[in-house]
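Number of protein chains: 2
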Amino acid sequence: MPPSEFRKILVAQGGGPTAVINQSLTGIALEARKAAHIGAVYGAFHGVRGIVNQDLTDLGKETEQDLVKVAETPSAALGSTRDKPDRKYCQEIFRVVQAHGIGAFFYIGGNDSADTVRIVSEAAQAANYPLRCIHVPKTIDNDLMVNDHTPGFPSAARFVTQAFMGANLDNLSLPGVYIGVVMGRHAGFLTAAAALAKAEPEDGPHLVYLPERPFHLESFFRDVKQTMERHGRCVVAVSEGIADGKGVPVATSLATHVEKDAHGNVELGGGALADYLGKAVKDTLGLKRVRGDTFGYLQRSFAGCVSDVDQREARAAGEKAVQFALAQDRDGSVSIHRQGSGAYSATYGFTALEELAGKTRHMPDAFISETANGVTQAFHDYLKPLLGSGLPEIRRLRRHPVAAIGEKAK
Amino acid sequence: MPPSEFRKILVAQGGGPTAVINQSLTGIALEARKAAHIGAVYGAFHGVRGIVNQDLTDLGKETEQDLVKVAETPSAALGSTRDKPDRKYCQEIFRVVQAHGIGAFFYIGGNDSADTVRIVSEAAQAANYPLRCIHVPKTIDNDLMVNDHTPGFPSAARFVTQAFMGANLDNLSLPGVYIGVVMGRHAGFLTAAAALAKAEPEDGPHLVYLPERPFHLESFFRDVKQTMERHGRCVVAVSEGIADGKGVPVATSLATHVEKDAHGNVELGGGALADYLGKAVKDTLGLKRVRGDTFGYLQRSFAGCVSDVDQREARAAGEKAVQFALAQDRDGSVSIHRQGSGAYSATYGFTALEELAGKTRHMPDAFISETANGVTQAFHDYLKPLLGSGLPEIRRLRRHPVAAIGEKAK
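Chains F and W are the protein sequences, given in the same order.
Okay, so the first sequence: first residue is 37 according to our numbering, each after it adds one.
Okay, so the second sequence: first residue is 37 according to our numbering, each after it adds one.
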């Protein structure tokens, strides 16, 4: 369908919410208003399910001011879903889309949502059904192929960085072992963000374990022991997805029953991993003060921790999605790339859906330390500009020792 | 000892760190500089332990600019301790204090630290040892007697509020049951702060369980079921300290081994309570999507979530501590009171140590709903001004339904 015939477009949100997924929604809605021949922007509640259920809202009736405020609100304003359409589901989508005269469908989501867009796109082509299908990237896991990074990740990374800034200071104040378990099923980007909390060489996290490297309890105990000997304390960042040499996730082997979502992903939530690792360290190394936290849903939905760079890029990704839909004669995904090697700036590309649908990008080797328990300077350089402005400034007291008088107690 | 003889003062921090405990440290250090006859301000590292170990720093060598930056940094800059002195320990304290010619000791901490100050104060009087002992309030639990509230609580409350703002939106986006476990051993103030996340009547948290009321699994299941029927989703805030009718904490009966700290407090950390309640709800009510988080150390140490009201009051409490030490001829604790009933403002009192040392203040009945699963408007009115300025503004999409065309899928 040529752009001039887009009378109505439809937008929906899929997968896990992020701090900036509504920026992309607003970007699409506001950019579409600029195109004279786009007469209506509909939103579907709860992703593709809202299409088949005809649970639609007319986003044209929202003011620009309200849409800008919605953009600044975390979590999917249209609601989300984990549904993945099959052939029958797609037929229902086409029936509704045709009835309403919708020419383009924008789906904001991760690699599972990209796969949904691919399925709908292929079904539309097979049925010779005129529907432009555009995927708009979003995931705190940062695991989309082709992209330098994905909207939602920088804000979640900022949460993890700020959390470890505080955890490091807390641990400095009351020394012991602290283990923070971070989201990331297969990709370690979000866990690695903990490393950006380090301001001084002795700061934690002292150890960072990613799903990209096999996790062995013996190496973990040795690493913690060495860190305790060196610093008298130890702050650890662990991905929920850490797995043994055979690829079996440590959390899965702990779960009393394994829960899978509609995409076949194993649920790794709950505090079991942190509790298990904490208890194992305590018992094995004979340490007294060991604490563990599982960051859980806080890291993706906490209201009030956001990267302004992420906000701008998520908005831009929505705007570009509409521009690509109007300018390109194919379906695809908006992708984010880093321009040049100087001061940070982003550019936007348009990528074939099959290049990223259902695929997972991992941390490149260059970002992971050779010892497999930390990250490299290259990762710091990669992430730093994405975290945005106004990060907390940590200032410690300097030590101005007062000379002891008389004998010291010990 | 008359004020004119204070040549040197000593400050230390005790108990769990907070976001603003360094404001009080800086308040003491800067106020002391204004008193011409106070010649030196020493800091002891890791509380009373730093005194007996003569691990002291000369805070006079820090610039005012640096102290102001330290004030804005979360967690105890001098380090903390859970040590509680006995008679022998006190003798060691006096030995060091005397050797260095220290006339006043300021201890920033909670009710355990207030008890430490009481012990040191009584031991000093019994030994006819001239040492002015001042307690400066701090605790995220908000459980100090006499005080309207305590520095550290408003910032932790703000974290909990912001967390539930996001959790509510996340749950709205992907409906189900969400259970957030909040710190608070015996006092429910921090858990109750979750209620401030509600912007609209259908917002979560829909249920709030406090340690001040007995917790029964059957009532819990019934409450969740009713909420699911009403809203199709349910957000729950639970205090880690919830206990059954006999006063046995639910978390304790779950713990495989019970860990106690030096004050005899049972450790309630770990994700067990959230996981247990989540699984119980899932199994009993046959619900599919149930998620739980334990906020853990994030709520007391997260860098970058602070109430500006809390910052100012914590600083003021430090300043007042020095003023009281100079003006009063007795030991005591700085207390915070609410002035009048109009626009919020705080005043500072000076309270006898025995009135709060080792005691726990609970949520007053007027703050707890009659159904024992929520809070009252009086609590909202109490907490709202403490959370400070610049809370995230939540804006939802309005529903502008698009009329269905043809049959609805379901």
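Glycine residues also receive a C-beta, built at the ideal position from the N, C-alpha and C atoms.
**Q.** Reduced DSSP secondary structure (H/G/I, E/B, other) of A382(F)
**A.** For the purposes of this step, residue 382(F) is taken as residue 346 along the first sequence, with counting starting at 1. Strand.
(Q) Please identify the residue among P237(W), G394(W), A402(W) and L362(W) whose C-alpha is closest to the C-alpha of K120(W). (A) By one-based count along the second sequence, residue 120(W) stands at place 84. K120(W) has its Cα closest to that of G394(W), out of P237(W), G394(W), A402(W) and L362(W).
Q.
Is there a C-beta anywhere in chain W that falls below 8 Å from the one on R366(F)?
A. In the first sequence, counting from the first residue as 1, residue 366(F) sits at position 330. By this cut-off, R366(F) is not an interface position.
(Q) List, from N- to C-terminal side, the alpha helix (DSSP H) runs of 4 residues or more that fit wholly inside the region 99-137 of chain F. (A) 100-107 and 123-135
(Q) Please classify H185(F) as buried or exposed, where buried requires at least 16 neighbouring CB atoms within 10 angstroms. (A) Here the question's residue 185(F) lines up with position 149 in the first sequence. Flag for H185(F) reads buried.
Q | Nearest to R397(W) (by Cα), restricted to the options F403(W), P211(W) and N178(W) | A | Residue numbering aside, residue 397(W) sits at position 361 when the second sequence is read from its first letter. Considering only alpha carbons, the answer is N178(W).
Q. For F331(F), which option in G340(F), L321(F), R348(F) and G306(F) has the closest C-alpha, if you only look at C-alpha atoms?
A. Counting from one through the first sequence, the residue named residue 331(F) turns up at place 295. Looking at the Cα atoms, G306(F) is the closest of the given residues.
Q. From which residue to which residue does the beta strand (DSSP E) around P190(F) run?
A. Position 154 of the first sequence, counting from 1, holds the residue named residue 190(F). Segment F189 to S209 is the alpha helix (DSSP H) holding P190(F); no beta strand (DSSP E) there.
Q: Could you work out which residue in R269(F), G354(F) and A72(F) is closest to I144(F) when comparing CA atoms only?
A: As a working mapping, residue 144(F) is identified with position 108 in the first sequence. Checked all of R269(F), G354(F) and A72(F); the closest Cα to I144(F) is G354(F).
Q) Do you know offhand how far K315(F)'s Cα is from R85(F)'s? A) As a first step, residue 315(F) must be located in the first sequence, where it is residue number 279. As a first step, residue 85(F) must be located in the first sequence, where it is residue number 49. Going from the Cα of K315(F) to the Cα of R85(F) covers about 43 Å.
**Q.** chain W contacts made by the region 379-398 of chain F, where a contact means CB separation under 7 Å
**A.** Within the region 379-398 of chain F, no residue places its CB atom closer than 7 Å to a CB of chain W.
Q) In terms of alpha-carbon separation, which member of R118(W), S405(W), D417(W) and E390(W) lies closest to R374(W)? A) For this step, residue 374(W) is matched to residue 338 along the second sequence. Minimum Cα distance to R374(W) is reached at D417(W).
Q.
Please identify the residue among E67(W), G75(W), A112(W) and D329(W) whose C-alpha is closest to the C-alpha of G83(W).
A. Looking up residue 83(W) in the second sequence gives position 47. Among E67(W), G75(W), A112(W) and D329(W), the Cα nearest to that of G83(W) is on A112(W).
Q) For Q90(W) and chain F, any beta-carbon pair shorter than 8 Å? A) Indexing the second sequence from 1 puts residue 90(W) at position 54. Interface residue (Cβ-Cβ distance to chain F less than 8 Å): Q90(W) is classified as such.
Q) What does E338(F) reach in chain W if we use C-beta pairs closer than 7 Å? A) Sequence index remark: in the first sequence, residue 338(F) carries index 302 (1-based). Checking the sequence, you will find Phe at residue 338(F) rather than Glu. Chain W residues near F338(F): Q198, A199 and G202.
(Q) Strictly below 7 Å CB to CB, what residues from chain F border T93(W)? (A) Locating residue 93(W) in the second sequence gives position 57, counting from the first residue. Within chain F, the residues placing a beta-carbon under 7 Å from that of T93(W) are L433, R435, H436, P437 and V438, ordered along the chain.
Q. What residues of chain F sit near E67(W), judged by a beta carbon separation below 9 Å?
A. Within the second sequence, residue 67(W) is the residue found at index 31, counting from 1. By Cβ distance, chain F contributes nothing, its closest Cβ being about 17 Å from E67(W), past 9 Å.
Q: Could you check the C-alpha separation between G442(W) and V133(F) for me, to the nearest Å?
A: Residue mapping note: residue 442(W) aligns to position 406 of the second sequence, counting from 1. Residue mapping note: residue 133(F) aligns to position 97 of the first sequence, counting from 1. Roughly 11 Å separates the two Cα atoms.
(Q) At the level of alpha carbons, what is the spacing between I215(F) and N204(F)? (A) In the first sequence, counting from the first residue as 1, residue 215(F) sits at position 179. In the first sequence, counting from the first residue as 1, residue 204(F) sits at position 168. About 11 Å.
Q: Return the CA-CA distance between V47(F) and A361(F), expressed in angstroms with no decimal places.
A: Residue 47(F) sits at position 11 when you count from the first residue of the first sequence. Residue 361(F) sits at position 325 when you count from the first residue of the first sequence. Approximately 12 Å, taken between the alpha carbons.
Q: Give me the Cβ distance between L180(F) and L419(F), rounded to the nearest whole Å; I'm assuming they're in contact under 8 Å.
A: Here residue 180(F) is taken as the residue at index 144 of the first sequence, counted from 1. Here residue 419(F) is taken as the residue at index 383 of the first sequence, counted from 1. Between L419(F) and L180(F) the Cβ distance is about 16 Å, and since that is not below 8 Å, they are no contact.
Q | Within 8 Å, strictly: CB atoms of L392(F) and D367(F) | A | Position 356 of the first sequence, counted from the first residue, corresponds to residue 392(F). Position 331 of the first sequence, counted from the first residue, corresponds to residue 367(F). No, the pair does not count as a contact, with Cβ atoms beyond the cut-off.
Q. How long is the line joining the alpha carbons of R258(W) and T320(W), rounded to whole angstroms?
A. Your numbering for residue 258(W) matches position 222 in the second sequence. Your numbering for residue 320(W) matches position 284 in the second sequence. Cα to Cα, R258(W) sits roughly 10 Å from T320(W).
Q) In terms of alpha-carbon separation, which member of V218(W), S405(W), A439(W) and C169(W) lies closest to T197(W)? A) Here the question's residue 197(W) lines up with position 161 in the second sequence. Among V218(W), S405(W), A439(W) and C169(W), the Cα nearest to that of T197(W) belongs to V218(W).
Q.
Please report whether the beta-carbon of P110(F) lies at a distance below 8 Å from any beta-carbon of chain W.
A. Position 74 of the first sequence holds residue 110(F). In terms of beta-carbon proximity, P110(F) lines the interface with chain W, with at least one pair separated by less than 8 Å.
Q) To the nearest whole angstrom, what separates the beta carbons of A287(W) and F251(W), a pair I think is in contact under 8 Å? A) Here residue 287(W) is taken as the residue at index 251 of the second sequence, counted from 1. Here residue 251(W) is taken as the residue at index 215 of the second sequence, counted from 1. About 10 Å; that fails the 8 Å criterion.
Q.
By DSSP's criteria, H171(F) is part of a beta bridge. Which residues make up the other side?
A. Here residue 171(F) is taken as the residue at index 135 of the first sequence, counted from 1. Y143(F) and S369(F), per the DSSP bridge assignment.
Q) Could one say the Cβ of R327(F) lies closer than 8 Å to chain W's Cβ atoms, at least one of them? A) Walking along the first sequence from the start, residue 327(F) turns up at place 291. It does; some Cβ of chain W falls within 8 Å.
**Q.** Environment of G137(W) [buried if 16+ CB atoms lie within 10 Å]
**A.** For the purposes of this step, residue 137(W) is taken as the residue at position 101 of the second sequence. Exposed.
Q) Roughly how far, in whole angstroms, is the beta-carbon of Y328(W) from the beta-carbon of D311(W), given that I think they are within contact range, below 8 Å? A) Counting from 1 along the second sequence, the entry for residue 328(W) is found at position 292. Counting from 1 along the second sequence, the entry for residue 311(W) is found at position 275. Here residue 328(W) turns out to be Gly, not Tyr, going by the sequence shown. Right, the Cβ-Cβ distance comes to about 6 Å (below 8 Å), so this counts as a contact.
Q. Nearest chain F C-beta to K105(W) closer than 8 Å, yes or no?
A. Taking the first residue of the second sequence as position 1, residue 105(W) is located at position 69. Chain F, which has a Cβ nearer than 8 Å to the Cβ of K105(W), makes this yes.
Q. If you drop the 5 nearest sequence neighbours on each side, which residues of the same chain put their C-beta closer than 7 Å to that of L66(F)?
A. For this step, residue 66(F) is matched to residue 30 along the first sequence. Hits under 7 Å: E100 and L103.
Q) Do V213(W) and A228(W) have their CB atoms nearer than 8 Å? A) The residue you call residue 213(W) lines up with position 177 of the second sequence. The residue you call residue 228(W) lines up with position 192 of the second sequence. No, the Cβ-Cβ distance between V213(W) and A228(W) is not below 8 Å.
Q.
Using only CA atoms, which one of N58(F), L95(F) and Q127(F) lies nearest to N89(F)?
A. Here residue 89(F) corresponds to residue number 53 of the first sequence, with the count starting at 1. Checked all of N58(F), L95(F) and Q127(F); the closest Cα to N89(F) is Q127(F).
Q: Could you name the residues of the same chain whose beta carbon sits closer than 7 Å to that of K318(W), not counting the 5 residues immediately before and after it, in chain order?
A: Reading the second sequence from its first residue, position 282 is the one you call residue 318(W). Hits under 7 Å: V326.
Q.
Rounded to whole angstroms, what is the Cα-Cα separation between F386(W) and P237(F)?
A. As a first step, residue 386(W) is located in the second sequence; it is residue number 350 there, counting from the start. As a first step, residue 237(F) is located in the first sequence; it is residue number 201 there, counting from the start. Straight-line Cα distance between these residues: approximately 42 Å.
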